[in-house]
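To start, the structure itself, in structure tokens.
There are 2 protein chains.
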Amino acid sequence: MAKATRGSERREDALSRERIVEAAIELLDDEGENGLTFRALATRLATGPGAIYWHIANKSELLVAASDAVVARALGEVLAFPTPHEAIRGIAVGVFEAIDAHPWVGAQLSRPPWRTAMLQIFERIGRQVQAMGVPGGARFTSASALVSYIIGVSVQNAANGRLLDPPVDRADFLETVSAQWKELDAREYPFTRNVAAQLREHDDRAEFLAGIDLILAGITASL
Amino acid sequence: MAKATRGSERREDALSRERIVEAAIELLDDEGENGLTFRALATRLATGPGAIYWHIANKSELLVAASDAVVARALGEVLAFPTPHEAIRGIAVGVFEAIDAHPWVGAQLSRPPWRTAMLQIFERIGRQVQAMGVPGGARFTSASALVSYIIGVSVQNAANGRLLDPPVDRADFLETVSAQWKELDAREYPFTRNVAAQLREHDDRAEFLAGIDLILAGITASL
DNA sequence: TACCATATTGGAACGCTGTTCCAGACCTGT
DNA sequence: ACAGGTCTGGAACAGCGTTCCAATATGGTA
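Keeping their order, the protein sequence lines are chains X and F. In case it helps, the numbering used here puts the first sequence at residues 1 to 223. In case it helps, the numbering used here puts the second sequence at residues 1001 to 1223.
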């Protein structure tokens, strides 16, 4: 009797690569990047650390798999757009919001191996650059610049949101930084002091899109 | 006699925050980011781990201090330029090459707290944006876009160079990646496959500057 | 010079981590 | 019913950041 019970419920919660990656994503979202340990993951999956290693080589591979899953999901949700210009903005926002929702992805993207996740973004952006009418020789440069900008801003935006241990209100946070900037030495930081006020009414997403438009304007201007 | 000898040479190798940060930079450059441990650092400074903690709060602070030192040194070497356009290129290249020479700095920059290092870059770029004649309301956006792009590309460039454990030749590396891209599925990655050839004769620095010019063109176009 | 309070040192120890190892349990095909 | 590989999970290892603290060096005062 005891044997039968244990045997039947065993197949239900069988370990698998997907289940492990899914649990890792949950753990990272719940506890932050430092929350993902093989022991915590094993506990959540009601098993031991050793069992996980049968399905996944090491922590690095686990992080790559988790990031890829998040990026793939985000890009999958990006729909069709009437113009290349709008499509690029749509893809960019999709990536931006995915990293904003899962800040730990950012730390992974700017780290080797830039495998599937980065490649997927590059491919999607590249196609739209081509559709914009950019000639062959300049496509690589334009797509690279866009992808670098998208990843760069998204990662930094995620890093900012992550830096508060007791999650502070965004407005309060901007207020604080803005105040700090105003306190800077007038000789060393004249520019930063000057724009400190603008920081208070600052919308990351809008600023991000404005940057995209800036690059797109540059691409268009050199057609 | 013995007492005098020990006493006199003791002051020579006295510990200090600067000496520790300098040794940390050397260690990071020599052994990579994983090479910096408090034990290795203590050995290099001929002391124990505990002594280091008298001068520095924790590893995070040490990394921030090391990054700040490298960035400050790099920006200090950037000279005057006749036009804002050239100045921005000059600053950008300075940052790019500093991170290329010290890849571990990249991992730090896109991580909170973005204190002095990031701020210094932002300030330097911002002043030149102002000099370009960008109106007050758009300065923040333009400077942010440039800084994000500069950091984004530099970090990714550094990450690429770092990923090879036996340091492979750059040309061989590009050849390999280019070949990998050509093997990609034609349905899923048409664009990436198409530009794979361009990757082989790819110059990171030139590509980086082309991206800067793209953004500058965008800024100029919207003046 | 003798002494004390303070600043500084460095080695031992703690708790945690990623990873390895392996005895045993499970599942499948004969 | 049994033999094979597949899969599990707990114990153990080395190494990490960090803390602790007894020992020492230093600078000021009597």
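For glycine and all other residues, C-beta sits at the position ideal for the given N, C-alpha and C.
- Between Trp104(X) and Gly152(X) a beta carbon distance of about 17 Å is seen, past the 8 Å cut, so the two are scored as non-contacting.
- By a beta-carbon distance limit of 8 Å, Ala92(X) contacts Ile212(X). Their separation comes to about 5 Å.
- Around the Cβ of Ser1016(F), a 10 Å sphere holds fewer than 16 other Cβ atoms; the residue is exposed.
- Where Gly1126(F) is concerned, the enclosing alpha helix (DSSP H) starts and stops at 1116-1131.
- Where Ser1178(F) is concerned, the enclosing alpha helix (DSSP H) starts and stops at 1170-1182.
- In the structure shown, His55(X) adopts helical secondary structure according to DSSP, grouped into three states.
- With a threshold of 8 Å between beta carbons, Gln1130(F) makes contact with chain X.
- Within chain X, no C-beta atom comes nearer than 7 Å to that of Phe1096(F); the closest sits roughly 11 Å away.
- If you look at Gly1211(F), you'll find it in the alpha helix (DSSP H) that goes 1204-1221.
- By the neighbour-count criterion, in which a residue is buried when 16 or more other Cβ atoms sit within 10 angstroms of its Cβ, Asn58(X) is exposed.
- Of all alpha-carbon atoms in Pro82(X), Phe96(X), Pro135(X), Ile20(X), the one lying nearest the alpha-carbon of Thr220(X) is that of Pro135(X).
- One alpha carbon belongs to Ala210(X), the other to Thr1141(F), and they sit about 7 Å apart.
- In the DSSP assignment, Val1134(F) falls outside any alpha helix (DSSP H), carrying neither H nor E.
- In terms of CA proximity to Val1195(F), Ala1179(F) leads the group Ala1206(F), Ala1179(F), Met1118(F), Phe1208(F).
- Distance from the CA atom of Ala1087(F) to the CA atom of Phe208(X), rounded to whole angstroms, is 24 Å.
- Here Thr1192(F) carries a helix assignment [DSSP, helix/strand/coil].
- Taken in chain order, the members of the segment 165-190 of chain X whose beta-carbon sits within less than 9 Å of a beta-carbon on chain F are Trp181, Leu184, Glu188, Tyr189, Pro190.
- Judged by beta-carbon spacing, Leu45(X) lies within the 8 Å limit of Ile20(X), meaning their Cβ atoms are closer than that value.
- Among the CB atoms of chain X, none fall inside 8 Å of the CB of Val1078(F).
- Bounds of the alpha helix (DSSP H) holding Ala42(X) are 38-44.
- Contacts with chain X (Cβ-Cβ distance below 8 Å) from the segment 1079-1090 of chain F involve no residue at all.
- Here Arg1205(F) is exposed: its Cβ has fewer than 16 other Cβ atoms, across all protein chains shown, within 10 Å.
- Asp13(X) carries a coil assignment under DSSP once its states are collapsed to helix, strand and coil.
- Using a Cβ-Cβ cut-off of 8 Å, Ser67(X) does not count as an interface residue toward chain F, since no Cβ of chain F sits closer than that to its own.
- If you look at Glu1097(F), you'll find it in the alpha helix (DSSP H) that goes 1084-1101.
- Looking at the backbone, the Cα of Ala1138(F) and that of Thr47(X) are separated by about 55 Å.
- Residue environment analysis places Asn1157(F) among the buried positions, since at least 16 neighbouring C-beta atoms fall within 10 angstroms of its C-beta.
- Here Asp29(X) carries a helix assignment [DSSP, helix/strand/coil].
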